[in-house]
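Following: one structure in structure tokens, then a few remarks.
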Amino acid sequence: MVIKTLPVPSTKPPGNNPLVSKRRPLHSLSASCPPDNRLEQHHLPDAADLRRMCIITKTDLNRIYDNLDRRQRDKDAVRQEIERKKEMADRSAQMTKQWPNTIIGARERKIEMKKIRDQEDEEKRKVVDLEEEKLAAERRREHIEKAKQLQYYQTDRVRTFHSALLLTEVLKERDLQLEMKKRIEKMRETDENEEHRRYQEAQNEFYKAEQEKMERKMKDQENLAKYHRAQMEQRKSQFVQEKQKDLKEGDEYRRLAEQYSLEQFELDRFKKLTQKDVKSMYDKTLEDKRTVKQMEEALDEEEDDELRVYAEAKKKMARLRREKEVQAIQEKQEARDHMIGYLGSLQKRAESDNDAQIFRAKAQKEAKELREEQEKFEKQQKMQQSIRKHRFETTKRREVEREMEEREDAEIRRKKAEADRLFLLYQQEKEKQRHEDALVTSQYHLKQA
1 MVIKTLPVPS TKPPGNNPLV SKRRPLHSLS ASCPPDNRLE QHHLPDAADL
51 RRMCIITKTD LNRIYDNLDR RQRDKDAVRQ EIERKKEMAD RSAQMTKQWP
101 NTIIGARERK IEMKKIRDQE DEEKRKVVDL EEEKLAAERR REHIEKAKQL
151 QYYQTDRVRT FHSALLLTEV LKERDLQLEM KKRIEKMRET DENEEHRRYQ
201 EAQNEFYKAE QEKMERKMKD QENLAKYHRA QMEQRKSQFV QEKQKDLKEG
251 DEYRRLAEQY SLEQFELDRF KKLTQKDVKS MYDKTLEDKR TVKQMEEALD
301 EEEDDELRVY AEAKKKMARL RREKEVQAIQ EKQEARDHMI GYLGSLQKRA
351 ESDNDAQIFR AKAQKEAKEL REEQEKFEKQ QKMQQSIRKH RFETTKRREV
401 EREMEEREDA EIRRKKAEAD RLFLLYQQEK EKQRHEDALV TSQYHLKQA
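Start counting the sequence shown at 1; every next residue gets the next number (full-length UniProt numbering).
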């Protein structure tokens with residue numbers, strides 16, 4: 001705890017009444033919280049002033065001091081924040097000063113480039129100014145020379161000399177002009193004839209090349225038409241052959257079908273005949289049974305004296321009957337076995353024939369398909385080979401034609417360039433002569449002046 005002196009509400013507070021207690025009361029300060037040194041400068045009050053004392057905690061005292069020093073601390077914090085931001089801005093500006101991809105860097109580069117352009121423009125202007133000064137000095141010198149020359153030509157002696165010289169020059173110029181006119185007319189006639197001859201030659205060569213090109217084109221079209229006709233004939237013959245082959249195969253299949261029908265008819269007829277034989281044997285057996293039965297009835301009707309004979313006959317008939325029954329059963333079994341064997345052999349033969357026919361038809365069909373595929377493959381190979389050959393020949397022919405056209409075009413261009421060169425030489429000669437004539441005329445006029 002800390003002791004602080006407070007003013008009495010009824011009295012006026014003293015001018016300088018600091019906190020003056022150094023006494024350590026109970027529950028004041030602990031060892032971990034040292035005493036405040038700011039209280040050392042104050043004095044304890046007298047015993048009479050104890051009524052004006054109040055006891056406050058250190059937290060409240062620190063809060064009071066903090067409230068007193070808050071404005072200064074806020075100012076210091078603001079100043080430190082401003083200094084920190086300024087330092088960061090300076091450091092950022094120092095770091096980004098050399099960056100090329102910033103607005104300031106771009107602006108500085110533009111300013112630097114503008115300075116360089118201004119310097120270059122200034123250098124160019126200096127060079128132009130020097131050239132203009134040289135040109136102006138040259139013009140001044142020419143004007144001065146011309147003035148001196150005109151002043152010299154104005155004397156009587158020079159003017160008389162110039163008049164005589166002018167007459168001589170005029171006569172000479174007249175002769176030269178007449179001679180030049182004749183030469184020009186002769187050269188023009190020669191050039192016109194030569195140009196007309198070259199034009200005719202070039203036109204004839206062009207017409208000849210076009211005619212050869214048209215002939216080659218017509219020949220190629222004719223060869224292509226022949227090739228197409230040959231292909232059409234070949235396809236037609238192949239179609240006829242395939243049709244004949246299909247007819248032959250149809251006849252073969254028809255013959256096989258008729259043969260199969262005939263074999264089936266024979267098999268059915270044999271089955272019917274076998275059934276008739278079995279039926280006749282069965283009827284014969286029944287007839288024998290009826291005969292035996294009638295004989296037994298006849299024996300039964302005999303008299304008693306004939307009993308022994310009857311009994312013997314009966315026994316004999318029974319034995320015969322049993323033998324006939326056994327024989328009939330054996331014959332029936334043999335007939336049945338024979339019929340079954342024969343039918344089995346016929347069925348096996350029919351099945352084998354049917355299987356053979358099916359196998360043969362299947363083999364023939366597969367062979368036909370294989371042969372057709374082989375023929376189709378061979379036709380495709382031949383067609384592709386002919387197409388490749390035709391393409392190769394066409395490409396080769398076109399290359400030869402292109403080379404010939406290029407050579408012809410190069411020859412035409414060479415001739416045209418030669419004609420242009422000759423015409424240019426002629427024009428240069430004319431221009432040179434005209435320039436010389438103009439120079440002579442200007443000199444004459446200058447002398448006359």
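All residues carry an ideal CB built from backbone N, CA and C; glycine is no exception.
Checklist line | Distance between Ser-163 and Val-440 (C-alpha atoms, nearest Å) | finding: Taking the sequence shown and counting its residues from 1, one reaches residue 440 at position 440. Taking the sequence shown and counting its residues from 1, one reaches residue 163 at position 163. Approximately 15 Å, taken between the alpha carbons.
Check: Should the segment 215–233 be regarded as contacting the segment 424–432, the criterion being three or more beta carbon pairs within less than 8 Å?
Finding: Here the segment 215–233 makes no contact with the segment 424–432; the two share fewer than three CB pairs at distances below 8 Å.
Note to self: I need the DSSP call for Gln-98, collapsed to helix, strand or coil.
What the structure shows: Residue 98 sits at position 98 when you count from the first residue of the sequence shown. Collapsing the DSSP output to three states places Gln-98 in coil.
Note to self: Considering Cα atoms alone, identify which of Asp-409, His-435, Ala-417 and Leu-425 is closest to Tyr-207.
What the structure shows: Taking the first residue of the sequence shown as position 1, residue 207 is located at position 207. Taking only the C-alpha atoms, the option nearest Tyr-207 is Asp-409.
Checklist line | Identity of the residue in Glu-194, Ala-417, Arg-183 and Ala-361 nearest Ala-257 by Cα | finding: Taking the sequence shown and counting its residues from 1, the one referred to as residue 257 is at position 257. Nearest neighbour of Ala-257 by Cα position, chosen from Glu-194, Ala-417, Arg-183 and Ala-361, turns out to be Ala-361.
Margin query: Contact between the segment 201–216 and the segment 400–416 is defined here as three or more beta-carbon pairs at a separation below 8 Å; is this criterion met?
Written below: A contact is defined here as three or more CB-CB pairs under 8 Å, and the segment 201–216 meets this definition with respect to the segment 400–416.
Notebook entry, point to check: Can you give the beta carbon distance from Glu-249 to Lys-368, rounded, assuming they're within the 8 Å contact cut?
Noted result: Residue mapping note: residue 249 aligns to position 249 of the sequence shown, counting from 1. Residue mapping note: residue 368 aligns to position 368 of the sequence shown, counting from 1. Confirmed, about 7 Å.
Next item on the list: Give the C-beta separation of Leu-166 and Tyr-444 to the nearest angstrom, bearing in mind that I take them to be a contact with Cβ-Cβ under 8 Å.
Entry: Against the sequence shown, residue 166 aligns to sequence position 166. Against the sequence shown, residue 444 aligns to sequence position 444. Cβ-Cβ separation between Leu-166 and Tyr-444: approximately 6 Å, consistent with a contact (criterion under 8 Å).
Notebook entry, point to check: Can you tell which of Asn-67, Leu-224, Asp-118 and Lys-124 has its C-alpha closest to the C-alpha of Ser-386?
Noted result: Position 386 of the sequence shown holds residue 386. For Ser-386, the nearest C-alpha among the options comes from Leu-224.
Next item on the list: For my contact list, Arg-198 and Ala-417 are in at a C-beta cut-off of 8 Å; report their separation, rounded to the angstrom.
Entry: Walking along the sequence shown from the start, residue 198 turns up at place 198. Walking along the sequence shown from the start, residue 417 turns up at place 417. Actually they do not touch by this definition, with Cβ atoms about 12 Å apart.
Checklist line | CA-to-CA distance, Arg-269 to Gln-294, given in whole angstroms | finding: Counting from 1 along the sequence shown, the entry for residue 294 is found at position 294. Counting from 1 along the sequence shown, the entry for residue 269 is found at position 269. Approximately 37 Å between the Cα atoms of the pair.
Check: How about Glu-195 and Glu-411: are their beta carbons less than 9 Å apart?
Finding: Indexing the sequence shown from 1 puts residue 195 at position 195. Indexing the sequence shown from 1 puts residue 411 at position 411. No, these two residues do not count as a Cβ contact at 9 Å.
Note to self: Taking 9 Å as the threshold (C-beta atoms), are Pro-100 and Arg-91 in contact?
What the structure shows: Within the sequence shown, numbered from 1, the residue matching residue 91 stands at position 91. Within the sequence shown, numbered from 1, the residue matching residue 100 stands at position 100. For the 9 Å CB-CB criterion, Arg-91 and Pro-100 do not form a contact.
Checklist line | Rounded C-alpha distance that separates Ala-93 from Lys-75 | finding: Walking along the sequence shown from the start, residue 93 turns up at place 93. Walking along the sequence shown from the start, residue 75 turns up at place 75. If I take the Cα positions, the gap works out to 26 Å.
Check: In whole angstroms, what separates the C-alpha of Ser-280 from that of Arg-254?
Finding: For this step, residue 280 is matched to residue 280 along the sequence shown. For this step, residue 254 is matched to residue 254 along the sequence shown. When only Cα atoms are considered, Ser-280 and Arg-254 end up about 39 Å apart.
Notebook entry, point to check: Alpha carbon to alpha carbon, how far is Arg-73 from Met-88?
Noted result: As a first step, residue 73 is located in the sequence shown; it is residue number 73 there, counting from the start. As a first step, residue 88 is located in the sequence shown; it is residue number 88 there, counting from the start. Rounded to the nearest whole angstrom, the CA to CA distance from Arg-73 to Met-88 is 22 Å.
Check: Considering only C-alpha positions, which residue in the set Leu-422, Ala-438 and Ala-209 is nearest to Glu-192?
Finding: The count along the sequence shown starts at 1 and reaches residue 192 at position 192. Closest option to Glu-192, judged by alpha-carbon separation, among Leu-422, Ala-438 and Ala-209: Leu-422.
Item checked: Ile-104 beta carbon less than 9 Å from that of Lys-97 -> Along the sequence shown, read from residue 1 onward, the residue named residue 97 stands at position 97. Along the sequence shown, read from residue 1 onward, the residue named residue 104 stands at position 104. Yes, these two residues count as a Cβ contact at 9 Å.
Notebook entry, point to check: Which value, in whole angstroms, describes the spacing of the CA atoms of Ser-442 and Arg-141?
Noted result: Translated into the one-based positions of the sequence shown, residue 442 becomes position 442. Translated into the one-based positions of the sequence shown, residue 141 becomes position 141. Here the alpha carbons of Arg-141 and Ser-442 stand approximately 21 Å from one another.
Next item on the list: In angstroms with no decimal places, state the Cα-to-Cα distance between Lys-146 and Glu-132.
Entry: Taking the sequence shown and counting its residues from 1, the one referred to as residue 146 is at position 146. Taking the sequence shown and counting its residues from 1, the one referred to as residue 132 is at position 132. Computed Cα separation, rounded: 21 Å.
Note to self: Given this structure, state the Cα-to-Cα distance separating Met-1 from Asn-67, to the nearest angstrom.
What the structure shows: To locate residue 1, count along the sequence shown from 1; it is residue 1. To locate residue 67, count along the sequence shown from 1; it is residue 67. With a pLDDT of 40 at Met-1, under the threshold of 50, the modelled position of this residue cannot be trusted; read the value that follows with caution. Met-1 and Asn-67: Cα-Cα distance of roughly 20 Å.
Item checked: Nearest to Arg-290 (by Cα), restricted to the options Glu-263, Ala-106, Lys-324 and Leu-262 -> One-based indexing of the sequence shown puts residue 290 at position 290. The candidate whose alpha carbon is nearest that of Arg-290 is Lys-324.
Checklist line | Option nearest Lys-245 by Cα separation, candidates Glu-372, His-143 and Ile-144 | finding: As a first step, residue 245 must be located in the sequence shown, where it is residue number 245. Out of Glu-372, His-143 and Ile-144, Glu-372 has the C-alpha closest to the C-alpha of Lys-245.
Notebook entry, point to check: What's the gap between the Cα of Met-95 and the Cα of Asp-118?
Noted result: As a working note, residue 95 is residue 95 in the sequence shown. As a working note, residue 118 is residue 118 in the sequence shown. Looking at the two C-alpha atoms, the distance is approximately 29 Å.
Item checked: Beta-carbon gap between Ala-209 and Lys-415 smaller than 9 Å -> On the sequence shown, position 209 is the one that residue 209 refers to. On the sequence shown, position 415 is the one that residue 415 refers to. The Cβ-Cβ distance between Ala-209 and Lys-415 does not fall below 9 Å.
Checklist line | Whole-angstrom distance between Gln-327 and Arg-319, CA atom to CA atom | finding: As a working note, residue 319 is residue 319 in the sequence shown. As a working note, residue 327 is residue 327 in the sequence shown. One C-alpha to the other measures close to 12 Å.
Check: Under 9 Å between the Cβ atoms of Asp-220 and Arg-391?
Finding: Against the sequence shown, residue 220 aligns to sequence position 220. Against the sequence shown, residue 391 aligns to sequence position 391. Using a Cβ distance threshold of 9 Å, Asp-220 and Arg-391 do not count as a contacting pair.
Note to self: I need the straight-line Cα distance from Glu-436 to Lys-134, nearest angstrom please.
What the structure shows: Counting from 1 along the sequence shown, the entry for residue 436 is found at position 436. Counting from 1 along the sequence shown, the entry for residue 134 is found at position 134. Whole-angstrom Cα-Cα distance: 29 Å.
Next item on the list: Just the C-alpha distance for Val-78 and Cys-54, rounded to the nearest angstrom, thanks.
Entry: Position 78 of the sequence shown, counted from the start, is the residue given in the question as residue 78. Position 54 of the sequence shown, counted from the start, is the residue given in the question as residue 54. One alpha carbon belongs to Val-78, the other to Cys-54, and they sit about 36 Å apart.
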